[in-house]
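Since the structure comes first, as structure tokens, the remarks are kept for the end.
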Amino acid sequence: MQPSPFSQTLQTLANGLFAHSHRPSGSVCTATVITAMSTAASGLLGMALMGRMPAAIARPLPQSIAQTSSQTCPAALDRMQNYQTVSGDSFTSIAAAYQLLPNTLSRFNPGVSSSPPAGTTLLIPPFNGAIAAVSAGETWESLAKRYGSRADILFEINGCVAQVPSSIFIPGGLTVSGGGRSQASLPGYPLSKRSAIALNYGWQPDANRDDLVFNSGIAFAVDTPTEVLAVGSGTVAFAGARPGYGNLIVINHEQGLQTRYANLSEVSVAVGQVVASGASVGNVGGDEPAYLYFEVRQNSASGWVAEDPGRYLPALDL
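Numbering (full-length UniProt numbering), first residue to last: 1 to 318.
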């Protein structure tokens, strides 16, 4: 079986990852492959039962996370644009033009119809996200914990200021109701044995391009052939090869959830098959170290939108 482009890209870091498995997930040693993973996840599967996939990856930030001046590290809320609507505009069409999600426009323009009349002035953020109010005494660390982000990323994206402002930009997420588990839950674990997380979900530094990129899933590192398991009961919506993903399985679950299992060495289910939680759906790995790329997506008016798997899978214990 020919390895997928995803597998080939990740393979270049395999030996280093296993040699440094004590490093925290998302560390700089793994950042060089995030762009390839994010590109693969950005829109190759928006078809048939899976539905239309919106662009889950915001445009990269041009600033280095090492910068400490707001003059060279402009805050996202200072980079807002105004747009005056014309006849026929909708949040969907405007969002597409700016490479955003319609939900993002709704959050930044509360009370405005999704089909606004001509002449309406809209606020356009530089990338997907939401505004969050900050309580007195909060720090970048406490905010990162609450919103499931990272302190250095929130620091950078909000102007590299030590004093947290009263309102901040939270990148990427669909809601700003706080971190913690979602009420919707998937009980399983995607592999037959516990595996190290090589790349985590969310905004990550890309050492090669000196910017931030959004990773819409999790990569689990495996060093031996390993069974891939359904994390919840559901119906197989796709099973086969996809460019960028290699061999892929997509399972639709209740509560509007969907899980995706990519870079498989073997697929053992078929479209339309009903699977139980914990059922074997394929295999990953072989003679050399490999990776399972795993996503959780939530159905919405904008399509299947990537979510943080840690909010839905208690077994991940992230």
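We put the beta carbon where it would ideally sit given N, CA and C, even for glycine.
- DSSP, read as helix, strand or coil, puts alanine 306 in strand.
- Take proline 126, set aside five residues on each side of it, and the residues of its chain with a beta-carbon closer than 6 angstroms to its own are Ala76, Arg79, in chain order.
- The beta carbons of isoleucine 197 and phenylalanine 169 sit about 26 angstroms from each other, so the pair does not count as a contact at 8 angstroms.
- By the beta-carbon neighbour count (other beta carbons within 10 angstroms, threshold 16), glutamine 298 is buried.
- Taken in chain order, the complete beta strand (DSSP E) segments of 3 residues or longer contained in the region 108-156 are 121-124, 129-133.
- Considering only Gly137, Ile153, Asp317, Tyr261, the residue with the shortest C-alpha distance to glutamine 204 is Ile153.
- Taking each of Cys160, Val236, Arg260, Gly234 in turn and checking the Cα distance to tyrosine 245, the smallest one comes out for Arg260.
- The alpha-carbon separation between asparagine 263 and alanine 136 amounts to approximately 45 angstroms.
- Nearest to proline 74 by alpha-carbon distance, out of Gly159, Asn128, Thr235, is Gly159.
- In this structure, the straight-line span from the alpha carbon of lysine 145 to that of arginine 311 is close to 13 angstroms.
- Using a 10 angstroms sphere on the CB of valine 86, the tally of other CB atoms stays under 16, which defines it as exposed.
- Judged by DSSP in its simplified three-state form, leucine 101 adopts coil rather than helix or strand.
- By the criterion of at least three beta-carbon pairs nearer than 8 angstroms, the region 213-223 is not in contact with the region 265-280.
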